[in-house]
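What follows is a single structure, written as C-alpha cells, with notes after it.
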Amino acid sequence: MSVLPIYIFGNKLLRKKAEVLKELNDQTIRLIVDMFETMHNARGIGLAANQVGELKRIVTIDISALDEPNAENEREDEAHPTSPDLPRVITLINPEVLSEEGKWTMEEGCLSIPDVHGHVERAEKIRVKFRDTEFKEQELLMDGLLARVVLHEIDHLDGILFVDRMKKSEAKKISAKLKAISNGDIEVDYPVVNADEEVIA
Numbered sequence: 613m614s615v616l617p618i619y620i621f622g623n624k625l626l627r628k629k630a631e632v633l634k635e636l637n638d639q640t641i642r643l644i645v646d647m648f649e650t651m652h653n654a655r656g657i658g659l660a661a662n663q664v665g666e667l668k669r670i671v672t673i674d675i676s677a678l679d680e681p682n683a684e685n686e687r688e689d690e691a692h693p694t695s696p697d698l699p700r701v702i703t704l705i706n707p708e709v710l711s712e713e714g715k716w717t718m719e720e721g722c723l724s725i726p727d728v729h730g731h732v733e734r735a736e737k738i739r740v741k742f743r744d745t746e747f748k749e750q751e752l753l754m755d756g757l758l759a760r761v762v763l764h765e766i767d768h769l770d771g772i773l774f775v776d777r778m779k780k781s782e783a784k785k786i787s788a789k790l791k792a793i794s795n796g797d798i799e800v801d802y803p804v805v806n807a808d809e810e811v812i813a
C-alpha cells in the first residue's frame, strides 16, 4: 500500500474527464488499494482516481467514521441519514447516475481544495450503476450522505469541482483562498501535487 500525492486546485488534470475502464487488472487493483490508503491518510471520506493523477473512472468511499456519534457538533447530514442497509465502504468503477430524486443543501469540502468549504445542492436519492472490484455490474439506490459523496466524486471524474456548484455569492467569498491554493500557498499534512506539477510532501 502507498500514500499517493493528491492533486490540488489549479492543476489542469482536475479539469480533465476520466476514461471508462474496459477491464480490471492487477495495476487497477493496486490503484484502488492505494486510493483507500491515501484517502484515510488525509482523513477524507471520498476520492476519485484523477485526484491522484489517474484519469480512470474509479471512486473510493468510506463514510463509516461518520456513523459514530458526535456530541460536540450537529452535522448537516443528520436530517438526511444514509439508510442503515447501505454500504459505508465502497468502490465504484465506471459509475453512472441513472436517476435522481429530491434536493438538499449541505456544506462540502474536498481534499483537492484544502480548508475551503461551501454549500452545494444535490439530489437526496440517486440510483447508480457501476462495476465492483470483481468488475461485476451492480445497481444501487443510495441516499443521504452516501449519495452526496458519490455525486461529488462523479463530478471529479467529469472535471467538475464542488466550488463550481456553489452559489455565485458564496463562491466570491472563497475566490482569494482558491487563488492562494492555485499559487501553492497551502498548509496540509498530506502530500499534494500543485499546479506546477511539484510534489509537496
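Read left to right, the sequence shown gives residues 613 to 813 (this note's numbering).
For each residue, glycine too, the CB sits at the ideal point set by N, CA and C.
Closest Cα partner of Ser781 within the set Val732, Lys748 and Val804: Val732
Rounded C-alpha distance that separates Asn795 from Asp697: 43 Å
Three-way DSSP call (helix, strand, coil) for Thr650 in this model: helix
Residue interval of the alpha helix (DSSP H) (run including His764): Gly756 to Leu769
Alpha-carbon to alpha-carbon, Leu753 and Ile738: 6 Å
Of the listed residues Lys629, Gly730, Ile786 and Ile812, nearest to Ala660 (C-alpha basis): Lys629
Short Cβ contact (7 Å threshold) for Pro803 with Ala813: yes
Proximity to Lys789 [Cα-Cα], best of Lys748, His729 and Arg734: His729
Between the CA atoms of Cys722 and Gly656 - distance to the nearest angstrom: 8 Å
Phe742 beta carbon less than 7 Å from that of Leu704: yes
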